[in-house]
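Comments concern the structure below.
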Amino acid sequence: MKSKPKTCICHHLIPESNSMSKQASFHGLFLKESGYEVVETPSKGITPFALNSLIGMIKNLQTSDILHVHACSWWGFLPALYGAVATKITDKRMILTYHGGLIEEFYRRCFFLFWFLDKDMLITVPSAFLK
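Going by our numbering, 73 is the number at position 73 of the sequence shown; the sequence numbering is gapless.
This is the structure:
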């Protein structure tokens with residue numbers, strides 16, 4: 001019997017708090033309805049710099065096929081960097097969904113952060129103005 005594909009989704013886990021987590025929750029629900037097994041990892045945490053998020057990603061990627069991180073600019077980009085580290089450690093692939101505006105200013109000031117991302121990583125954006 002073929003096992004279900006399993007994905008790990010990283011976001012704030014509070015769908016009411018912002019549209020990013022709401023979209024991530026809808027995505028997780030869609031995957032579940034499509035036959036995927038989904039595990040969610042919080043992108044915010046109780047440890048400094050949300051290191052528990054990195055630990056959760058590494059732990060959940062041990063049994064997942066892929067990591068899907070929802071991130072935005074500034075400190076909200078930290079989960080994307082943690083995801084890049086976690087996928088390197090576990091030899092898994094990552095999808096990054098980038099939310100939010102100010103990408104031009106963020107990239108101009110923090111361009112070096114993008115060096116951590118793999119060239120073959122799939123990066124998606126939910127709105128046309130970011131493309």
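Ideal placement from N, C-alpha and C gives every residue a C-beta, glycine not left out.
None of these values were measured; they are calculated from a predicted model.
With 16 as the cutoff for other CB atoms within 10 Å, does residue 3 come out buried or exposed? In the sequence shown, residue 3 corresponds to position 3, counting from 1. By the Cβ neighbour-count rule, residue 3 is exposed, with fewer than 16 other Cβ atoms within 10 Å of its own.
Which partner residues does residue 85 have in the DSSP bridge list? Residue 85 sits at position 85 when you count from the first residue of the sequence shown. Answer is none; residue 85 lacks a bridge partner.
Under 6 Å Cβ to Cβ from residue 60, same chain only, skipping five residues before and after it: list those, please. Within the sequence shown, numbered from 1, the residue matching residue 60 stands at position 60. Leaving aside the five residues that flank residue 60 on each side, the residues in its chain whose CB is nearer than 6 Å to its CB run, in chain order, 8, 39 and 41.
The alpha helix (DSSP H) with residue 44 in it runs from where to where? Translated into the one-based positions of the sequence shown, residue 44 becomes position 44. Neither: residue 44 is in no alpha helix (DSSP H) and is coded neither H nor E.
If I measure Cβ to Cβ from residue 70 and keep anything under 6 Å in the same chain, skipping five residues before and after, which residues do I get? For this step, residue 70 is matched to residue 70 along the sequence shown. Cβ-Cβ distances below 6 Å link residue 70 to 11, 20, 24 and 97 in the same chain, with the five nearest sequence neighbours on each side left out; the list follows chain order.
The beta strand (DSSP E) with residue 68 in it runs from where to where? Along the sequence shown, read from residue 1 onward, the residue named residue 68 stands at position 68. For residue 68, the enclosing beta strand (DSSP E) has its first and last residue at 66–71.
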